[in-house]
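Chains as they are written, first to last, in my numbering: chain A, 1048 to 1293; chain B, 1048 to 1293.
The beta-carbon is built from N, C-alpha and C at its ideal position, and this holds for glycine as well.
As the structure is a prediction and not an experimental result, all values here were calculated from the model.
Below is one structure, written out as structure tokens, with a few remarks after it.
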DNA sequence: TATAAATTTGACCAATGGTCAAAACTTGCC
DNA sequence: GGCAAGTTTTGACCATTGGTCAAATTTATA
């Protein structure tokens, strides 16, 4: 039997498949019950392996949850990079990423809450080094997708360079996006702010930041309704549910 | 002995004092170790009361943490309302609240992380109804402090009414603020974004939102450096550490 | 001081994240 | 097929910890 260094052996494939099975069920439990209201015994029963086997894949419950979050974040980065290929002016491409993030948030309604959990050092310290690095890597991909467009926008003159650096602009967009996704899920705030469509609220805040940055064309200078329809058609053809929002 | 309905009896005063003692030590543990890495036995030992006594004040560990967070949030609301009295144009007063929030964030470096914990339904469900209501009340005070200024700004014509409603504007400011506070604590992002002063990063993002809203006078139309010095002198005279940032 | 009421205590319980020796299974050889 | 060595899986078991409650202690009252 030849040793295949390139393609994984049957054992390795089974190991990977099982890991994905575990992650799938853990994700479901996390979505249904949050972090606390399920335990490793329940998960073991759900995946039809023993608890000991779970711990061959994940060093702790926190490590497992970080694994779930990283899987999600990878999808987010994929969507960001896909959206960045949108043909149009820089601000339109940035807008496409905004849509990508909303698409992601709808597919993963618990992601931002879980991600906030991860920001507790006491939480993330219980996860393995590798998984922490994998998570940081996917986070970097998201950052870079936005940052690249902003650098290009500055080079083209769409975005003034004298107000903020490209990095400050990227940080502003990411902050407002995460903050808006979190706050728009808050029941009290939803009532106060009269939020009917959470994703629309998020994108409005992104628009405000972009206008504040002076990113041409400004909101009132361009027919972004047409852009939105193109984004939905070209980048997210499956997201027909959004047509009303655009 | 006359029954005093107005002023609390000695017993009641002792009860309140003990509750504050418990909250004080719980806050310290929370700041030092996060949520998980301390237990009720350690807290009982620290306050020199038994665990049973702790549970006469708080229905669960989560209830206790919510109590700590609400105490903090009350201070935040106090600072907001104090800052709102700043004499100046509406945007300057909003800016004063921005400073208040930074002042608060420096005094409570763990607050936003804890607050994110609270947003997990599985967490807050374990807290008592009264404490949940108390927390919502203080949150509302913060919201109102901002919202009131925005309504006034729209009435005075400082803030255009045709772009967004007062509530949308308030939501945008709160979202960017919370998002920026959280993200500016993220070590990876701090490196990518080259953040040296976290609070300055937060306030820059607030400025971008205000400019995006068209809130007069815009950043480049006014000497906000002078405003900042006045805010620090008149509202936060103790915050001399900030003079460099202003 | 004696009795009753109120408060405090900490041993105890149940739940749960994590471990590891033993069982079960796979592989390779004759 | 049968056996032995190696590998994987298992679940009983452990330690920790949030939460309880009957007993002990303290306080108020007569």
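- Exposure of residue 1238/A is indicated by the presence of fewer than 16 other C-beta atoms within 10 angstroms of its C-beta.
- Interface criterion not met: the Cβ of residue 1201/B is under 8 Å from no Cβ in chain A.
- Remark: fewer than three beta-carbon pairs, one from each stretch, lie closer than 8 Å, so the stretch 1128-1140 of chain B and the stretch 1085-1104 of chain B are not flagged as touching.
- The three-state reading of DSSP puts residue 1261/A in coil, since its state is none of H, G, I, E or B.
- Counting only Cβ-Cβ distances below 7 Å, residue 1221/A has contacts in chain B at 1230, in chain order.
- By the neighbour-count definition (other C-beta atoms within 10 Å, threshold 16), residue 1108/A is a buried residue.
- For the pair of segments examined, the stretch 1266-1276 of chain B was found not to touch the stretch 1218-1226 of chain B: the number of CB pairs separated by less than 8 Å stays below three.
- The three-state reading of DSSP puts residue 1155/B in coil, since its state is none of H, G, I, E or B.
- For the stretch 1156-1179 of chain A, residues whose beta-carbon sits nearer than 8 Å to a beta-carbon of chain B comprise 1160, 1163, 1164, 1166, 1167, 1168, 1169 and 1170.
- With 16 or more other Cβ atoms inside 10 Å of its own Cβ, residue 1069/B counts as buried.
- Residue 1266/B and residue 1201/B have their alpha carbons spaced roughly 18 Å apart.
- Look at residue 1218/B here: in three-state DSSP terms it is helix.
- With respect to chain B, the C-beta atom of residue 1131/A has no partner C-beta closer than 8 Å.
- Sequence-distant Cβ neighbours of residue 1066/A in its own chain, meaning closer than 6 Å and more than five residues away, are 1104.
- The beta carbon of residue 1207/A is closer than 6 Å to those of 1261 in its chain, skipping five residues each way along the sequence.
- For residue 1089/A, the enclosing alpha helix (DSSP H) starts and ends at 1087-1094.
- Taking 8 Å as the CB threshold, residue 1217/A lines the interface with chain B.
- Contact check for residue 1128/B and residue 1216/B: beta-carbon distance about 19 Å, past the 8 Å limit, so the pair fails to qualify.
- Rounded to whole angstroms, the Cβ separation of residue 1163/B and residue 1166/A is 7 Å, and the two are in contact under 8 Å.
- By the neighbour-count criterion, in which a residue is buried when 16 or more other Cβ atoms sit within 10 angstroms of its Cβ, residue 1064/A is exposed.
- By the C-beta criterion, the stretch 1117-1131 of chain B is judged to be in contact with the stretch 1143-1158 of chain B, since at least 3 inter-stretch pairs fall below 8 Å.
- Across the structure, residue 1073/A and residue 1211/B are spaced so that their CA atoms are roughly 41 Å apart.
- In the DSSP annotation of this structure, the continuous segment of the alpha helix (DSSP H) that includes residue 1193/B starts and ends at 1176-1203.
- The Cβ neighbour count for residue 1100/B, taken over all protein chains shown within 10 Å, is under 16; the residue is labelled exposed.
- Shown here, residue 1239/A sits in a helix according to DSSP, grouped into three states.
- Spatial neighbours of residue 1228/B in its own chain (CB-CB distance under 7 Å, excluding positions within 5 residues in sequence) are listed in chain order as 1152, 1159 and 1249.
- The C-beta distance from residue 1231/A to residue 1080/B rounds to 31 Å, too long to fall under 8 Å, and the pair is not in contact.
- With contacts defined as CB atoms closer than 8 Å, residue 1253/B and residue 1279/B fail to qualify as a contacting pair.
- Put simply, of 1243/B, 1233/B, 1057/B and 1277/B the residue whose alpha carbon is nearest the alpha carbon of residue 1157/B is 1233/B.
- Contact note: residue 1256/A reaches chain B through 1223, 1252, 1255, 1256 and 1259, using a C-beta cutoff of 8 Å and chain order.
- When 9 Å is used as the limit between beta carbons, residue 1128/B is near no residue of chain A, the shortest such separation being about 17 Å.
- For residue 1115/B, the closest of 1071/B, 1061/B, 1247/B and 1258/B by C-alpha to C-alpha distance is 1071/B.
- Rounded to the nearest angstrom, the Cβ distance from residue 1178/A to residue 1117/A is 6 Å, consistent with a contact under 8 Å.
- For residue 1121/A, the secondary structure class from DSSP, reduced to helix, strand or coil, is helix.
- Residue contact with chain B for residue 1082/A: present (Cβ-Cβ distance below 8 Å to some residue of chain B).
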